[in-house]
Amino acid sequence: MSLVEEKKCMQRDRKGACQNVFSHIAPIYDRMNFLISFGLIRSWCNRAARYLALDVGEIGLDLGTGTADLAIAVMRISDRTAHMIGIDWAPEMLEQGYRKLHQPGFQDQITLQHGNITSIALPDNSIDRCGSAFLVRNLVNMDKCFREMWRVVRPGRSIVCLEVSHLSNVLLKILFHCYFYRIVPLFGTLLGQKFDAYQYLPASLKHFLDAFDLKKIMETSGWSDVHFYHLHGGLIAIHIGTKRF
């Protein structure tokens, strides 16, 4: 096997493993997110949603929507004539999302669909705003995903990427490492015997880019005026980019 073939094989294996993880943890995903973030995940999604609010008749995309937290947060502050599309590769996650849409009454304003994250089944220049929450660090090919987002977003409109990042304070970094790598997997065991799955999720952050390098990836993928905001000392980063005319 050549090096190129070996690399492609490793990428397929990682993609398959990631999809299996999220399919496996779907029933406890929301409870775990709330628990391990001490309830802050809602405020993070609400913060990102501010940059994704839709006006009259506009269409938004939540890529890697999971259980639709970001899509719901966006529609809460958007015009009632707007529409949000959520795409995810794990049907089990979407099933959890569908259940949540009935509670706030967004069934007619949010459409969830199973699809390929890096080959979006939407026309060019068809989306007004595109967002993702805790998606890109799980991707084999981030730049391809960002290029696909760029393709479907209309010129002059924006992308918002909410993601875990790297703390700058050394002491906080050590404490976070102990918590995220040792305690979080135990939470998975307590809630649903998902220890192995919640070992993967901390590992996905270990070699993930810092906010500056992620900014560069977005820029080389076609996005302009890319900037980011840090929350909680760098634990969370919100990147924003624009598709130029």
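Numbering follows full-length UniProt numbering, with no gaps: position 196 of the sequence shown is 196. Note that beta-carbon positions come from the ideal geometry of N, C-alpha and C, so glycine has one too. Just so we're clear, the structure is a prediction, and the values are computed from it rather than from any experiment.
Where does residue 245 land, buried or exposed, given buried means 16+ other C-beta within 10 angstroms?
exposed
Range covered by the beta strand (DSSP E) that runs through residue 129
127-133
Apart from the five residues on each side of it in sequence, which residues of its chain come closer than 6 Å, Cβ to Cβ, to residue 142?
136, 217
The beta strand (DSSP E) that contains residue 62, what's its start and end?
59-63
DSSP three-state label for residue 204, please.
helix
Using three-state DSSP, classify residue 108 as helix, strand or coil.
coil
Closest by C-alpha distance to residue 57, when choosing among 82, 145, 210, 26
82
With a cut-off of 8 Å, do at least 3 Cβ pairs link the segment 125-140 to the segment 49-67?
yes
C-alpha gap between residue 202 and residue 236, whole angstroms
14 Å
Residues near residue 101 in its chain [Cβ-Cβ closer than 7 Å; skip 5 each side]
68, 107, 110
Starting from residue 154, trace the beta strand (DSSP E) both ways and give me its first and last residue.
153-164
When the distance is taken between beta carbons, is residue 154 closer than 7 Å to residue 124?
no
Could you say if the segment 57-66 and the segment 74-81 meet the contact criterion of at least three C-beta pairs nearer than 8 Å?
yes
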